[in-house]
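Numbering (full-length UniProt numbering), first residue to last: 1 to 254.
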């Protein structure tokens, strides 16, 4: 097992409710966007697709004085094997929750189609055309970020790859009401790798809810190791974590 000594800890904000958490995170993301749009022609962002992001995305769509026409959007993972019109696809979820509510310069959706490996290569090339400025992400029940399940590869050479999903990652999709049964959840996905995520300049990580308490506690207080992929966020200089009272319970007890 690879163990990495954390260089620094992220800034952590604890709010009373998911709604308060979402508003605070959205305000900080919006402030970062405005500052970058003041000096850059285009800002490139990556978004996670999960119910944990709903409060933040709803609040972000309401923020004023953001020229969304100069913001280019990507997302960080997508199931393979789902029909193109399946409502559970992450691209479809983000379109409903956010992409369809603001006038973005461009939206680049992952579409695995019949050749997920080819899709992975093409998406990596598309992202590599310029720097990624901002990522809005979450943490899974098993500590995953994007669909990098434990044990994660902190030195994965590919920016985008096809992965087999951990059972707990699939259980989470049922727990969050996205699929009726475990058998309905796809077994594979296209995901951005951890090194690709860490190359972004700013990371804003929203993690509400009791289901995430154990993962949050381990990510922020344990060793930085592949057994909890989100623990690698503690090595990133520009990461801020937003929690609510339930997800932070393990930290506040300490």
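Even for Gly, the Cβ is constructed at its ideal location relative to N, Cα and C.
- Query: Taking the continuous alpha helix (DSSP H) assigned at residue 38, which residues delimit it?
  - Reply: For residue 38, the uninterrupted alpha helix (DSSP H) run begins and ends at 18-39, by DSSP.
- Message: My parser needs the beta strand (DSSP E) runs of 3 or more residues fully inside the segment 134-215; what are they?
- Response: List check, beta strand (DSSP E) in window: 134-137, 160-164, 188-192 and 202-207.
- Among 35, 65, 112 and 177, which one has its Cα closest to the Cα of residue 102? 65
- Message: At the level of alpha carbons, what is the spacing between residue 223 and residue 74?
- Response: The straight-line gap from Cα to Cα measures roughly 30 Å.
- Counting pairs of Cβ atoms below 8 Å between the segment 111-122 and the segment 183-201, do you hit three or more? Touching, yes, given that three or more Cβ pairs across the two stretches are closer than 8 Å.
- Item | Same chain only: Cβ atoms within 8 Å of residue 150, ignoring 5 sequence neighbours per side | Taken in chain order, the residues that qualify are 142, 143, 144, 166, 226, 227, 228 and 229.
- Query: Is the segment 208-219 touching the segment 120-131 in the sense that three or more CB pairs, one from each, lie closer than 8 Å?
  - Reply: Short answer: they don't touch.
- Query: Looking only at C-alpha atoms, which of 197, 184 and 140 sits nearest to residue 155?
  - Reply: 197
- Task: Would you check if there are 3 or more beta carbon pairs closer than 8 Å linking the segment 8-21 to the segment 228-246?
- Result: yes
- Task: Take residue 61 and list the residues in its own chain whose beta-carbon comes closer than 8 Å to its own, dropping the five residues that flank it on each side.
- Result: Answer for residue 61: 98, 101 and 102, listed in chain order.
- Message: Please report the straight-line C-alpha distance between residue 76 and residue 180, rounded to a whole angstrom.
- Response: 23 Å
- Query: What is the C-beta distance between residue 135 and residue 33, in whole angstroms, given that I count them as a contact (C-beta under 8 Å)?
  - Reply: With a contact defined as Cβ atoms closer than 8 Å, residue 135 and residue 33 miss out at about 13 Å.
- Message: Quick test of your reading: residue 264 and residue 207, contact by CB under 8 Å. State the CB separation rounded to the nearest angstrom.
- Response: This structure cannot speak to residue 264, because the chain is shown only from 1 to 254.
- Query: Which same chain residues, not among the five before or five after residue 113, have their C-beta less than 7 Å away from its C-beta?
  - Reply: 119
- Message: Report the CB separation of residue 233 from residue 219 in whole angstroms; it is logged as a contact under 8 Å.
- Response: 7 Å
- Item | Neighbourhood of residue 170 by C-beta distance below 7 Å, restricted to the same chain and skipping five residues each side | Only 182 and 185 meet the Cβ criterion.
- Query: Whose C-beta lies closer than 6 Å to the C-beta of residue 200 among residues of the same chain, with five residues either side of it excluded?
  - Reply: 132 and 135
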